[in-house]
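When you line the sequence shown up against the working numbering, it's residues 33 to 349, in that order.
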Amino acid sequence: MRAVQITEFGGPEVLRVSEVDAPQVGRGQVLITVDRAGINYADTHQVENSYLSKTELPLIPGGEVVGRTADGRRVVALLGSGGYAEQAVAHAPYAFDVPDGVSDGDALALVLQGTTAWHLLKTSTHLQEGESVLVHAGAGGVGSLAVQLAKLWGAGRVIATASSEDKRQQVVKLGADVAVDGSPEGLKDRIVEANGGRPVDVVLEMVGGRTFDESFDALARFGRLVTFGAASRESAAAIAPSRLMKGSKTIAGFWLADCFKTPALLGDPLRELFDLTVAGRLRPLVGGEYPLSEVATAHEDLRARRTVGKLVLDPTR
């Protein structure tokens with residue numbers, strides 16, 4: 033079968049389509065004929081071996097697929113790897129039936145990035161009605177869903193960052209009250225200004241480095257910041273305990289993989305997200321579809337922040 037298999041770690045240049053053996057199905061697993069595979073920013077880290085969990089070679093990247101099982105079920109599945117291929121194997125508890133009214137792109141946007149946004153707001157920061165929320169990379173896969181969910185769940189003011197004026201306009205159309213330039217220089221002041229001169233209650237942060245530092249400084253009393261990525265590939269400054277105590281601030285971390293031992297932590301939020309999508313109350317943003325043969329271009333575009341929403345691969349091309 034055709035698949036993207038890497039034999040060395042590196043950037044997009046190591047991503048090449050190869051002919052490989054079809055995956056073997058073990059006990060408790062299902063074989064999926066892949067209609068579309070999802071692309072995540074975490075994949076760029078996995079390919080260069082800078083992800084939270086280390087990877088062994090050779091590797092077929094890709095953590096999510098949508099397609100058909102041998103008995104005809106249309107499912108979206110979470111995988112450890114192996115998604116960038118014509119066929120993939122998933123453990124049965126992590127292959128979720130996709131309802132009518134949810135497209136392949138929608139399903140891929142919701143299964144990982146949607147459940148991440150759900151947990152960031154409900155589990156990690158415990159968003160309360162009327163609170164202000166700052167969503168970094170509001171035009172991205174997680175961000176575009178988090179903006180909409182925050183509004184649905186009663187946030188008082190939703191502020192998003194984005195890297196271009198076009199993206200900022202798009203985020204406002206999704207429901208953000210205001211969108212600002214996400215570059216680190218002067219970011220704290222722009223955040224506070226966007227919130228009517230007040231610090232913010234909740235921050236969803238996935239850039240790292242100076243962006244993390246500026247965002248922390250923009251937190252209100254009893255504010256909560258959750259970090260779920262490091263797109264800048266930079267480390268933030270150390271936070272002394274006294275800085276947490278003053279203002280009673282909280283920093284949390286979130287990694288969706290920590291939900292994998294309890295399938296209900298994925299399945300229950302996903303069903304809620306599917307229902308919202310079918311009802312027209314949630315609109316996953318599918319930003320682009322690439323042939324499998326252009327996977328390197330997809331990674332280049334993602335890393336350069338030229339994309340919006342969810343990116344998908346078509347393994348048939």
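C-beta atoms are modelled at their ideal positions from N, C-alpha and C, and glycine is treated no differently.
Being a predicted model, the structure only gives us computed values, none of them experimental.
The distance from the Cβ of residue 252 to that of residue 232 is about 6 Å, consistent with a contact at the 8 Å cut-off. Of the residues assessed, residue 96 falls on the buried side of the cut-off, its CB having 16 or more other CB atoms within 10 angstroms. Put simply, of 324, 282 and 273 the residue whose alpha carbon is nearest the alpha carbon of residue 259 is 282. DSSP places residue 275 within a helical segment (H, G or I) once states are collapsed to three. Excluding five sequence positions before and after residue 98, the CB atoms of its chain that fall closer than 6 Å to its own CB belong to 67, 68, 108, 136, 139 and 140, given in chain order. For residue 205, the closest C-alpha among the options 188, 85, 170 and 216 is that of 170. Per DSSP, reduced to three states, the secondary structure at residue 50 is strand. Per DSSP, the continuous beta strand (DSSP E) segment holding residue 322 begins and ends at 318-323. Contact between the segment 188-208 and the segment 225-241 is present: 3 or more CB-CB pairs across the two stretches fall below 8 Å. Cβ-Cβ distances below 6 Å link residue 87 to 78 and 81 in the same chain, with the five nearest sequence neighbours on each side left out; the list follows chain order.
The segment 148-168 and the segment 118-132 do not touch, with fewer than three beta-carbon pairs separated by less than 8 Å. Counting along the chain, residue 40 sits inside no alpha helix (DSSP H), nor does DSSP assign it H or E at all. In the same chain as residue 83, and ignoring 5 residues on each side of it, the C-beta atoms closer than 8 Å to its own belong to 74 and 77, in chain order.
For the pair residue 323 and residue 124, the Cα-to-Cα distance works out to about 27 Å. Residue 128 is bridged by DSSP to 108. Around the Cβ of residue 311, a 10 Å sphere holds fewer than 16 other Cβ atoms; the residue is exposed. Close CB contacts of residue 202 within its chain, under the 6 Å cut and outside five residues either way in sequence, are with 171 (chain order). Counting along the chain, residue 297 sits inside the alpha helix (DSSP H) bounded by residues 296-310.
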